[in-house]
Amino acid sequence: MKYRVEQLETDVLIVGGGLSGALAALKVKEEGLDCVVLEKSNTKRSGNAGSGIDHIFSYIPELHEKVGYSMEEMKEEQAQFDLAGLGLGFRSLNDFFVENSYDRIIGLEKYGLKFRFEDSNVPGGYRVVPQFHSVPTSFNFEGRDIKPILTKEMEKSGVRIYNRVFVYELLKDEGKVVGAIGVCTRENIIYVVRAKTTILATAGGVDRLCKSATGVDFERFHSSSMNNGAGKVLAMNAGADIINMEYTLAQGGMEWLNWTMSAGCPGGTYWPCARIIDEDGNVIMERDIAFSPEDPNYKEKHQKQFARHLEGRKRVYEHLAAGELLYMDMAEATDDEIEYVKWSLSHEGKCNTLLANMDAQGTSFKDIKIPYFYTNMVQTFVSCSGVYSNVKCETTIENLYAAGNEIAGMSNNSAPEAVVYGIEAGLQAAKKAKEMECGGKVDTSQVAHVQRLVEGFYESESGDKWLDIEHAIQNIINTFGTIPHSDIKCRTALNQLEKMEKEIHLHAENPHEINRCLDVMFILQTAKAIFLACENRKENLGPFIKNLNSNEPDKAPEDVEIYGLYKDGRTYKFHTIKADL
Numbered sequence: 015m016k017y018r019v020e021q022l023e024t025d026v027l028i029v030g031g032g033l034s035g036a037l038a039a040l041k042v043k044e045e046g047l048d049c050v051v052l053e054k055s056n057t058k059r060s061g062n063a064g065s066g067i068d069h070i071f072s073y074i075p076e077l078h079e080k081v082g083y084s085m086e087e088m089k090e091e092q093a094q095f096d097l098a099g100l101g102l103g104f105r106s107l108n109d110f111f112v113e114n115s116y117d118r119i120i121g122l123e124k125y126g127l128k129f130r131f132e133d134s135n136v137p138g139g140y141r142v143v144p145q146f147h148s149v150p151t152s153f154n155f156e157g158r159d160i161k162p163i164l165t166k167e168m169e170k171s172g173v174r175i176y177n178r179v180f181v182y183e184l185l186k187d188e189g190k191v192v193g194a195i196g197v198c199t200r201e202n203i204i205y206v207v208r209a210k211t212t213i214l215a216t217a218g219g220v221d222r223l224c225k226s227a228t229g230v231d232f233e234r235f236h237s238s239s240m241n242n243g244a245g246k247v248l249a250m251n252a253g254a255d256i257i258n259m260e261y262t263l264a265q266g267g268m269e270w271l272n273w274t275m276s277a278g279c280p281g282g283t284y285w286p287c288a289r290i291i292d293e294d295g296n297v298i299m300e301r302d303i304a305f306s307p308e309d310p311n312y313k314e315k316h317q318k319q320f321a322r323h324l325e326g327r328k329r330v331y332e333h334l335a336a337g338e339l340l341y342m343d344m345a346e347a348t349d350d351e352i353e354y355v356k357w358s359l360s361h362e363g364k365c366n367t368l369l370a371n372m373d374a375q376g377t378s379f380k381d382i383k384i385p386y387f388y389t390n391m392v393q394t395f396v397s398c399s400g401v402y403s404n405v406k407c408e409t410t411i412e413n414l415y416a417a418g419n420e421i422a423g424m425s426n427n428s429a430p431e432a433v434v435y436g437i438e439a440g441l442q443a444a445k446k447a448k449e450m451e452c453g454g455k456v457d458t459s460q461v462a463h464v465q466r467l468v469e470g471f472y473e474s475e476s477g478d479k480w481l482d483i484e485h486a487i488q489n490i491i492n493t494f495g496t497i498p499h500s501d502i503k504c505r506t507a508l509n510q511l512e513k514m515e516k517e518i519h520l521h522a523e524n525p526h527e528i529n530r531c532l533d534v535m536f537i538l539q540t541a542k543a544i545f546l547a548c549e550n551r552k553e554n555l556g557p558f559i560k561n562l563n564s565n566e567p568d569k570a571p572e573d574v575e576i577y578g579l580y581k582d583g584r585t586y587k588f589h590t591i592k593a594d595l
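Position one of the sequence shown corresponds to residue 15 (the working numbering), numbered consecutively onward.
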């Protein structure tokens, strides 16, 4: 089956129309430039925010100045999240986020998103709840339809949206990115988009590398089921640095093996009334309490409660790892508290499926206890990994920008960063595009290569099914991605992946399967990058463990080496990165 090539030209091309991509596109249009968005799904529900958000954290001047929590305190806490505290993040990115978080997040109100409520006792009329910081910083808001709302705004502003287009390669000319090649998965069209600047806004997740805890494909993805590492692969193949890929895999965790993910329970979306108990009803992790901003000890009380919350989480892991069964419980919650939780659930991800199931069965949160399980499976973890970028969202390849959660070195890759750095990427890419007369030349050999690839999926009468190959990759991850890492495990995995890459002949019956074939090829390349990075790092550092017998303490954060990985032609190359870009 033949594909026709359609040429497009624009000022700014955005790969991915999720939360950061949509906001980047709107910013480009505010700057008066033309903008094309290529989205492999549909922008109405694409990306990690596609099924909704109920929490988004920020520095909130009206509240935090009143209770004595400074912006500098939030910066310090932000700099210690996850891997950033080990020296694997960049202070400049985290500081910029905190400084710009409030204006950009509350700026979403202009699109009709609701952040203020009559029942609020917080300055500004917000609902603000505890989540990641020592005092409450998370807006609790009505974000279920954030993506349909932003899609409508993009359409009104004149953004040219191409849904169901899978971007497979970035175009380069004289070492600069000049656009991208996308494969339509509904019609036999290959889009060749020439652009002055290009933004990667591809969500940042790599969930598809690992099997789910239930073993059922796509059964309850909270994030986008399209999370295949695409942005990292596109950047790496174009010669841009990706970093911290050795930290992409983790092992062991808490799971709910039913309706949906636990969304931070007993905090997060289940605030304020969820707690965790054992089989005998003993409280293992207490519920959180909401203190009034008028309380002169508001800050101190919340910080003590937050410390208790962190200790409680440790206890939960210990009990589960020991084989005990624990439960989420709301038996002592008031009716009003449960209604509040149900409101939060209705806006957060696919948690509304939990509500729908409970309504269908006529059950109440007071009547049920949801069991936690401890799984020792290999899982994905993306904090601080991704495309090496600076606060202007510039990568190490000229004219290529990263947006939102695709940016590496941030301490928490989630919705708040997607908002702040989606807008920033749009602003900076537009500024650069204004300075340019036109984009570069298109390498027709790149286009011909992609055309041969996708036509080959149809032309082979038989071949490998995409799902079989995905399962094979996941089996390699599950077998050789376990902790501790070792050079032998990494090399064995790489040998198997490279053999698979040479020998597979993917076959597609329809456009949907074309999408999944391309998907699997990115999953395979992401897996290779991870094992190469694991092989490259030699010393233990934080959750990365290679030598169980080492008694060496972790290096001081300022002495930690960060490794950049990129491709030069077909050769993978590493080099050491010691400072912000």
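Every residue gets a Cβ at the ideal spot worked out from N, C-alpha and C, and that includes glycine.
Check, Outcome
"Segment limits, alpha helix (DSSP H) that includes PRO525", "525-550"
"Closest by C-alpha distance to ASN554, when choosing among LEU100, LYS43 and ASP48", "LEU100"
"Delimiting residues of the alpha helix (DSSP H) encompassing PHE320", "312-335"
"Proximity winner among ILE487, THR506 and PRO525, relative to ILE518 (alpha-carbon distances)", "ILE487"
"Counterpart residues of ASP187 in DSSP-defined beta bridges", "LYS190"
"Beta strand (DSSP E) segments (min. 3 residues) lying fully within the region 358-406", "383-394"
"Spatial neighbours of ILE28 in its chain, beta-carbon cut-off 6 Å, leaving aside the 5 residues before and after", "GLY35, ALA38, ALA39, VAL51, ILE213 and ALA215"
"Distance CB(MET15)-CB(ASN202) smaller than 8 Å", "yes"
"Cβ shell of ALA335 (< 6 Å), same chain only, five flanking positions each side left out", "TYR388"
"Cβ neighbours of PRO525 in the same chain (closer than 6 Å, five flanking residues each side left out)", "THR199 and ARG200"
"Same chain, Cβ closer than 7 Å to GLU527, neighbours up to 5 away in sequence not counted", "TRP480"
"Alpha-carbon spacing of GLY138 relative to ASP302, whole angstroms", "23 Å"
"With 16 other Cβ atoms within 10 Å as the buried cut-off, status of ASN154", "buried"
"Cβ contact (3+ pairs, closer than 8 Å) linking the region 75-86 and the region 552-570", "no"
"Sequence-distant residues of the same chain with beta carbon closer than 7 Å to TYR435, five excluded per side", "SER34, CYS407, ALA417, GLY418 and ILE421"
"Counted within 10 angstroms of its Cβ, other Cβ atoms place LEU368 as buried (16 or more) or exposed", "buried"
"DSSP beta-bridge partners of ASP343", "ARG289 and LYS383"
"Per DSSP, cross-strand counterpart(s) of MET268", "TYR388"
"Spatially closest choice to TYR386 from ASN413, HIS361, SER403 and GLU338, by CA coordinates", "GLU338"
"Beta-carbon proximity list for HIS316, same chain, < 7 Å, skipping 5 on both sides", "PRO144, SER148, VAL149, PRO150 and PHE305"
"For LYS592, the three-state DSSP class (helix, strand or coil)", "coil"
"Among GLU90, ASP482, ARG505 and VAL142, nearest to LEU77 - alpha-carbon criterion", "VAL142"
"Assigned exposure category for ARG584 - 16 Cβ within 10 Å defines buried", "exposed"
"Own chain residues within Cβ distance below 7 Å of ASP133, not counting five before or after", "none"
"Closest residue to SER358 among LYS186, ARG322 and ARG158 (Cα-Cα distance)", "ARG158"
"Reduced DSSP category for MET15 - H, G, I as helix; E, B as strand; rest coil", "coil"
"Environment of ASN489 [buried if 16+ CB atoms lie within 10 Å]", "exposed"
"CB contact flag (ILE352, LYS380, <8 Å)", "yes"
"The region 503-523 / the region 446-464 touching (three or more Cβ pairs under 8 Å)", "no"
"Inter-residue spacing [alpha-carbon to alpha-carbon] between ASP136 and LEU164", "With the sequence shown as reference, residue 136 is identified as Val, and Asp is not the correct amino acid for it. Going by the C-alpha atoms only, they are around 27 Å apart."
"Whole-angstrom C-beta distance between ALA194 and VAL207, which should lie under 8 Å", "5 Å"
"Start and end residues, alpha helix (DSSP H) containing PHE494", "480-494"
"Span of the beta strand (DSSP E), counted from its first residue to its last, around GLU597", "Lying outside 15 to 595, the shown extent of the chain, residue 597 is not represented and no answer is given."
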